[in-house]
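> Following this message is one structure expressed as C-alpha cells.
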Amino acid sequence: MNIPKAYEPHAVEKKWYQYWEENNYFYADAHSSKKPFSIVIPPPNVTGSLHMGHALNNTLQDILTRFKRMQGYNTLWLPGTDHAGIATQNVVEKQLLQEGLTRQELGREKFIQKVWEWKRQYGDLIIEQLKRLGASCDWSRTRFTMDEGLSKAVREVFVSLYEQGFIYRDYYIVNWCPRCQTALADIEVEYRTINGHLDYIKYEGVNDDQFVIVATTRPETMLGDTAVAVNPDDKRYKHLIGKEVILPILGRRLKVIGDNFVEIEFGTGAVKVTPAHDPNDFEIGKRHNLQQINILNPDATMNENAGPYQGLDRYECRKKLIEDLKTQGLLIKREDYSYAVGHCYRCDTIVEPYLSNQWFVKMKDIAKPAIEAVKAKRVEFIPESWEKTYFEWMENIKDWCISRQIWWGHQIPVWYCQKCKAPLVERQNPTKCLKCGSNELTQDQDVLDTWFSSALWPFSTLGYPDKTKDLTTFYPTSVLSTGFDIIFFWVARMIMMGLKFMEDVPFKQVYIHALIRDADGQKMSKSAGNVIDPLDVIDRYGTDALRFTLAIMAVQGRDILLSEERIEGYRHFCNKLYNAARFILMNLDDYLDAKSQIPHVRDLSLADRWILTRLNQVVEQVTNNLESFYFNESAQILYDFIWHEYCDWYLELLKPELGGKRRKVIQDLLILTFELILKLLHPFMPFITEEIWQKLPVYREVNSIMIASWPTLTPNQIDLDSIKDMELIKEVVTGIRTIRSEMRIAPKQKLKTLIIKSTPSGILKENIDYVTLLTNTNEVIFNPKATKPDTSATIIVKGIEMYLPLEGIVDLGKEEERLSKELSKVEKELTLLRLKLANEDFVTKAPDEIVTKERQKLEEIIAKHDKLIKSLKSYFH
RNA sequence: GGGCGGUUAGCUCAGCCGGUUAGAGUGCUUGCGUGACAUGCAAGAGGUCACUGGUUCGAUUCCAGUACCGCCCACCA
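Residue numbering for the first sequence follows our numbering, beginning at 3 and increasing consecutively.
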C-alpha cells in the first residue's frame, strides 16, 4: 500500500465534494415518507465573502444536517443569498466611481441593470466558498431574495399587510444616513461614544433680563430651533414660560415653553427645541404645535434655511457657527463631553435625525402572537437565556420603517395617480387609477428594507404564496442557527411573519451561536472590514481541521477568540486519524470478507471488550450532545477517545496479535470499530472520513459515508467491568514507565523481571502480556510472599505492590526521592481524609455512599502509606 | 440608567444542576527515528479555579457583594 505519511487535504476535498454533488446526496425529496429535518441557511449577502462567522455558523448547520441525514431523516438544508440592498448598492456605486460615474448620472434603470450584472458575476462567490467548507446544502433549491418567486412573496405580504391596515405612510423623523442618502430603521443605527463638546449658548431675551442659556452637542441644529423648553417646575425659569427669546445669528423669535421632558438637573435646565432634527424635540414639537424647520439637504449640507451657512457641510457649519457665536459673545462655555452618536451600520457615517415621508409597519399586534409562541416554547431558544433579550425587544417594539431611498431592492408596490393623487396598492401592477381612471400612474420610488424580504425567508424559499409540496413537507423548519446580533433584525421578524402568513412558527428551535471576535474583542462585521479569512485557513490547514476547531470551540453562551495555534493542533488530529487508518489498512491486505463479522464474545480479549464498551459510551454521549447542541462536548469526547484511548492504548495493545492466531478476529474488530469512529466523526470532518471510509473494506449498503447509518448502541457489547480492569492495567503500565523514565532507562533496554506481590490469578495475571508489551519487560513473577529486593524500585497500584529489580541500572537516590515525594502527597491526602471522617457532621449528614467511598479511600491510602514507609526504610539499612 | 456575560496552567480555552488526582490544545523540561503517525511516542514541571462574605457536613462549582474586562438596550439636550 502506497499512502503518504501525512494527510494532504486539498485533492481529497475536491474529489469527494464533487462526488457527493454528482450523486445528488444533498438533494431533499419533498415526497419522501421519511421524517423531515429542515434548516434554512441565514442567507449571506451577495456582496459577502466567507468570513469566520459564516464558517462557524455553516459548519454547525452542516454538522446538524449531516448528523440528521445519517440518522435517517429526510434532510433539507436550503441555501441562498440576500440581495442586501444598501450594502450591494454601495459596492456597485464604488465600482462605478472608479469608472468616473455616479448612479445618478447612470439613471435608475441602467444602474439596476449594472447591479444585476454584478450579481451574476460575483454573487455566487460565497456559494462556492460554502462548498469548500463542505456544506451539504441542496443547491438545486438555492434561492435569492430578489428571485421572481421570492419577489412574489414580498408583494403578497406587503399588499395583505396594507389591506389589513398594518402598513402606513407618514411624514416622520427617521434616522438618515447622509452618505447612503436613505432612511434607516432604528436597529440599523449603531451607537458609539465619541468625544465632543457640550456648548453653552446664550439666547438673549426680548428684554435684557430674560435671556436663557442652552446646552447642546450639535450647535448647528440651532438654525432649526423653533422654541426653547424648560421644565415647568423649574423655579429658575418658570417666569419665562410664554415669553420670547432671540435665536442668535438668524434672529428668529422663539417661544419659551414648559415641558416635563426637560430634566432640571442636566446642563442649564433649558433646552433648545429643534423639531426637525431631534426625535425628542419632534415629540415636543407635536405636543406644542411647533413649526418644523428642516435645515439639511439629504447629503447633510446646510440648506436655504441655514441662512449664511447655506451650502456648508454640517461640521464646517458647526465650526463656523461656534466661531461666530464666540465673536458675538454668545458662546458662554465649551466643555469636553463624550456622548453616544448613531452611526450607519452599513457605511459607519454619523446619521442625522431627519424629517421625511416613509413607510412603516405597525408592529404591536403582529408581535403579540410571536411573544406567545416563544413563551409557549413553540419556538425554543438555545441557550435559553436569549429568550430574555427577545422578550425585552418584542415587548417594547416600535413601528418598523421599511422604506429605503435606494434603488436596489424590491420597489414598493404602491402607485400614485398623477391626476387625483390616490395611492394604488395591488397584487398585479395597475394600469389605471381605480378612482379617476387615469392611466398616468407613477410607482413609489422607494424600495423595501432588505430585512423585509429576509423576514419571509423560511416560507418564501419553499414556494409561498403558492401551496407547494415543499411547504407542507418542510415548514415549519426544524432548526435555525444564527448569531445573536441578528435576533432583532431577523429572528424576531421571521417568527412574526411566519405566524402571520403561515399560521405557524418558522422553526422549532433557534440555536444562537457564539460570536467570533477579532483580537480586540470587536465583532467581525461585513462593513467594518476586520474579517479574518477562513479560506486562507482552509488553504493552510484543510477544511476538516477548521471545522473541527470551530465545533470544539462552539461553547454555548461564550464568544470565540480564534487562535491559529488551535487550528494547527486539530490539523494534527486529522493527521493522527489518517495515520491510524494507514496502520489499519496496511494490516488488511489479506482481508477478504465482504462483510466483517462481529466476533463471538468468547473470542474477545479484555482490550476488545474494553474498546467496544467505551465505543458504546462514546456513541451515546456524542449523539446526546449533538441533539442538545453541545457541539464542543461531542467534538471533545471524540478527540479524547480516538487519540488517547483508541490509538494510544487499543491499537498498541493489539499490534502483537496481528501476527498471531487472532489475526482475523482483530481485523474484524478493527474494521468494525474504526468504521464506527469514522461515522461519528463524519459530521465534523466530512472529507477525511469519506476518504478513509472509501478505502476501508467495510460492507457497503450505500456508496458514501455521508448517507450511511448513524451508529446506535449495541447493549450486548457493553461490559462495564472491562473498563475497571483496563484501568488497572493502564495504571500498572504507567507506573513502570514512570520509573523507567525517571531512572533514565533507555526504551530499548529490556527489563529483566517484574515481581508482583499478589496471587497469581485475576485480571493482572490473565492480561500480564499487556504489561510486558508496553513496558518492555521480559518476565513477571507473581509471589504473594515476595520481599523487596535491595536494589529495586517499588510501585503501588490499587493496593498491589510491585518491585522492579534494577541491579546495575538503578539510581537509589532518585528512587528514594521519588518515593518521598509520593509519600508526602499521600500523607497530605491522609490527613485531610482523616479529618473529614472524624467530622461527626460529615458522617451523619453526607449521603451513605459518599461516606462509604471516603472510608474505602482511607483504607487504600493507609495501606499505600504503610507500604511506602516500608519501602523507604529499605534504603536506610 | 437598565440588562447580560466573563475572570480556571505562561498563552488560547473546556469543565463544575456540590464530594474528581481540576482538564485540553499550545508552549516549557527530559528521553526516544520505536514497522501507523516526529503533524509522533513516553515521562514530567506548571493552577490558593479574580477577591470578600453567605448557604452547606463539604464550594472552583450554588447565592450575594466587590474589583476589573466585554457586550446589548435606553430620548438625557
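Beta carbons are placed, not taken as given, at the ideal position from N, Cα and C, and that holds for glycine.
None of these values were measured; they are calculated from a predicted model.
Taking the alpha helix (DSSP H) that glycine 344 belongs to, which residues open and close that run?
Locating residue 344 in the first sequence gives position 342, counting from the first residue. Element bounds for glycine 344: not the alpha helix (DSSP H) but the beta strand (DSSP E), 333-346.
> For the beta strand (DSSP E) that contains threonine 484, what are its first and last residues?
The residue labelled residue 484 in the question sits at position 482 within the first sequence. Run containing threonine 484: 479-485, per the beta strand (DSSP E) assignment.
> If you count every other CB in all the chains shown that lies within 10 Å of the CB of asparagine 618, and 16 or more means buried, which is it?
In the first sequence, the residue the question calls residue 618 occupies position 616. It is buried - the Cβ of asparagine 618 has at least 16 other Cβ atoms within 10 Å.
> Roughly how many whole angstroms lie between the Cα atoms of threonine 545 and arginine 604?
On the first sequence, position 543 is the one that residue 545 refers to. On the first sequence, position 602 is the one that residue 604 refers to. When rounded, the distance between both Cα atoms is 42 Å.
> Asparagine 76 and serine 34: beta carbons closer than 9 Å?
Indexing the first sequence from 1 puts residue 76 at position 74. Indexing the first sequence from 1 puts residue 34 at position 32. Their beta carbons are under 9 Å apart, which means asparagine 76 touches serine 34 by this criterion.
> When DSSP builds the beta bridges, which residues end up paired with aspartate 892?
The first residue shown for the chain is 3 and the last is 879, placing residue 892 beyond what the model contains.
> Alpha carbon to alpha carbon, what distance is there between glutamate 703 and leucine 537?
Stepping through the first sequence from its first residue, residue 537 is reached at position 535. Stepping through the first sequence from its first residue, residue 703 is reached at position 701. The straight-line gap from Cα to Cα measures roughly 34 Å.
> Is it buried or exposed, histidine 345, if we count other Cβ atoms within 10 angstroms and call 16 or more buried?
As a first step, residue 345 must be located in the first sequence, where it is residue number 343. Under this definition histidine 345 is a buried residue.
> Beta-carbon within less than 6 Å of isoleucine 334's beta-carbon, same chain only, minus the 5 sequence neighbours each way: which residues are those?
Stepping through the first sequence from its first residue, residue 334 is reached at position 332. Correct list, in chain order: Tyr202, Lys204 and Ile215.
> Taking buried to mean at least 16 other C-beta atoms within 10 Å of its own C-beta, is arginine 560 buried or exposed?
On the first sequence, residue 560 is found 558 positions in, with the first residue counted as 1. Arginine 560 comes out exposed.
> According to the Cβ coordinates, are lysine 754 and threonine 779 closer than 9 Å?
Taking the first residue of the first sequence as 1, we reach residue 754 at position 752. Taking the first residue of the first sequence as 1, we reach residue 779 at position 777. Yes, the pair counts as a contact, with Cβ atoms nearer than the cut-off.
> Using CA coordinates, which residue listed in Gln312, Gly253, Gly269 and Thr228 is at the minimum distance from glutamine 293?
For the purposes of this step, residue 293 is taken as residue 291 along the first sequence, with counting starting at 1. Residue Thr228 is the option with its Cα nearest to glutamine 293.
> Where does methionine 3 land, buried or exposed, given buried means 16+ other C-beta within 10 angstroms?
Taking the first residue of the first sequence as 1, we reach residue 3 at position 1. With a pLDDT of 49 at methionine 3, under the threshold of 50, the modelled position of this residue cannot be trusted; read the value that follows with caution. Exposed, because fewer than 16 other Cβ atoms sit within 10 Å of the Cβ of methionine 3.
> CB-CB under 7 Å to phenylalanine 633, same chain, minus the five flanking residues each way: which ones, in chain order?
Within the first sequence, numbered from 1, the residue matching residue 633 stands at position 631. Cβ within range, chain order: Leu62, Ile65, Ala553 and Ala556.
> Looking only at its chain, what residues have a beta carbon closer than 8 Å to the beta carbon of lysine 697, apart from the 5 residues adjacent to it on each side?
Mapped onto the first sequence, residue 697 falls at position 695. Same-chain partners within the cutoff: Ala583 and Leu587.
> Note the first and the last residue of the continuous beta strand (DSSP E) segment covering glutamine 445.
What you label residue 445 is simply residue 443 of the first sequence in a count that begins at 1. Looking at the DSSP string, the run of the beta strand (DSSP E) that includes glutamine 445 is 443-445.
> Do glutamate 659 and serine 607 have their CB atoms nearer than 9 Å?
The count along the first sequence starts at 1 and reaches residue 659 at position 657. The count along the first sequence starts at 1 and reaches residue 607 at position 605. Cβ distance < 9 Å, so glutamate 659 and serine 607 count as in contact.
> For the beta strand (DSSP E) containing threonine 77, list its first residue and its last residue.
Here residue 77 corresponds to residue number 75 of the first sequence, with the count starting at 1. Threonine 77 -> beta strand (DSSP E) spans 76-80.
> Quick check on the burial criterion: 16 or more other C-beta atoms within 10 angstroms. Buried or exposed for lysine 133?
As a position in the first sequence, residue 133 is number 131, starting the count at 1. Its Cβ being crowded by 16 or more others within 10 Å, lysine 133 is buried.
> Could you please give the first and the last residue of the uninterrupted alpha helix (DSSP H) stretch that includes proline 536?
The residue given as residue 536 occupies position 534 in the first sequence. Proline 536 -> alpha helix (DSSP H) spans 536-543.
> Using three-state DSSP, classify tyrosine 466 as helix, strand or coil.
Indexing the first sequence from 1 puts residue 466 at position 464. Three-state result, tyrosine 466: coil.
> Measure from the alpha carbon of lysine 681 to the alpha carbon of each residue in Ile731, Leu579 and Gly764, then state which is nearest.
Counted from its first residue, the first sequence places residue 681 at position 679. Ranking Ile731, Leu579 and Gly764 by Cα distance to lysine 681 puts Leu579 first.
> List the residues that DSSP assigns as beta-bridge partners of glycine 198.
Here residue 198 refers to the residue found at position 196 when the first sequence is read from its first residue. Partner(s): Tyr339.
> Following the continuous beta strand (DSSP E) through histidine 515, name the residue where it begins and the one where it ends.
Here residue 515 is taken as the residue at index 513 of the first sequence, counted from 1. 509-515 is the extent of the beta strand (DSSP E) around histidine 515.
> Between phenylalanine 168 and valine 427, is the Cβ-Cβ spacing less than 9 Å?
One-based indexing of the first sequence puts residue 168 at position 166. One-based indexing of the first sequence puts residue 427 at position 425. Their beta carbons are not under 9 Å apart, which means phenylalanine 168 does not touch valine 427 by this criterion.
> Can you list, in chain order, the residues of its chain with a C-beta nearer than 6 Å to that of glutamate 190? Leave out the 5 residues immediately preceding and following it.
If you number the first sequence from 1, residue 190 lands on position 188. So the qualifying residues of the chain are Tyr347.
> May I ask you to verify whether the region 712-720 touches the region 94-105, counting CB pairs closer than 8 Å and requiring at least 3?
Output reads no: the region 94-105 does not touch the region 712-720.
> What are the residues that DSSP puts in a beta bridge with threonine 761?
Sequence index remark: in the first sequence, residue 761 carries index 759 (1-based). None, per the DSSP bridge assignment.
> Would you check if the region 321-328 and the region 147-158 touch, i.e. whether three or more CB-CB distances between them fall below 8 Å?
No, the region 147-158 is not in contact with the region 321-328.
> Rounded to whole angstroms, what's the CA-CA distance from threonine 479 to aspartate 149? Just pull it up for me.
To locate residue 479, count along the first sequence from 1; it is residue 477. To locate residue 149, count along the first sequence from 1; it is residue 147. When rounded, the distance between both Cα atoms is 21 Å.
> Alpha carbons only, please: which of His412, Cys438 and Pro432 is nearest the one belonging to serine 456?
On the first sequence, residue 456 is found 454 positions in, with the first residue counted as 1. The residue with the shortest Cα to Cα distance from serine 456 is His412.
> Would you identify the three-state DSSP class for isoleucine 129, choosing helix, strand or coil?
The residue you call residue 129 lines up with position 127 of the first sequence. Reduced to three states, the DSSP call for isoleucine 129 is helix.
> In the DSSP output, what is threonine 755 paired with across the bridge?
If you number the first sequence from 1, residue 755 lands on position 753. According to DSSP, threonine 755 bridges with Glu781.
> What three-state label does DSSP hand threonine 329 in the structure shown?
By 1-based counting over the first sequence, the position of residue 329 is 327. The answer is helix: DSSP assigns threonine 329 an H, G or I state.
> I'd like the ranges of any beta strand (DSSP E) spanning at least 3 consecutive residues and lying wholly in the region 375-404.
If we require 3 residues or more, the beta strand (DSSP E) runs fully inside the region 375-404 come out as 382-384.
> Please classify methionine 588: does DSSP put it in a helix, a strand, or coil?
Your numbering for residue 588 matches position 586 in the first sequence. Reduced to three states, the DSSP call for methionine 588 is helix.
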